[in-house]
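Chemist: In this note's numbering, the protein residues as written are 41 to 109. No residue lacks a Cβ here, since even glycine has one placed at the ideal position from N, Cα and C. Here it is: the structure, laid out below.
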């Protein structure tokens, strides 16, 4: 079913005040919303870990350039 046919089907169903059947775009929107909800809930942990990251361990790995000593 193309997008144009799906739009016409929706218009007919709305005009008759009938329920329409689910189509692929409905499922796509639902899965996209669930993905965003999931990432919003579980991505906050990563933000907390990054903000509490300490660079003290990294500074030990950097060579100190002091040519006059």
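For residue 79, which three-state DSSP category applies?
Modeler: Taking the first residue of the chain shown as position 1, residue 79 is located at position 39. Three-state result, residue 79: helix.
Chemist: Is residue 65 closer than 9 Å to residue 43 when the C-beta atoms are compared?
Modeler: For the purposes of this step, residue 43 is taken as residue 3 along the chain shown, with counting starting at 1. For the purposes of this step, residue 65 is taken as residue 25 along the chain shown, with counting starting at 1. Contact flag set, yes.
Chemist: Tell me which residues share the same chain as residue 76 and place their Cβ nearer than 6 Å to its Cβ, disregarding the 5 neighbours each side in the sequence.
Modeler: Taking the first residue of the chain shown as 1, we reach residue 76 at position 36. None.
Chemist: Give the DSSP-derived three-state secondary structure of residue 67 in the structure shown.
Modeler: To locate residue 67, count along the chain shown from 1; it is residue 27. The three-state reading of DSSP puts residue 67 in helix, counting H, G and I together.
Chemist: At a threshold of 8 Å, does residue 47 count as lining the ligand ATP (C-beta to nearest heavy atom)?
Modeler: Although the ligand ATP was asked about, the structure shown includes no ligands whatsoever.
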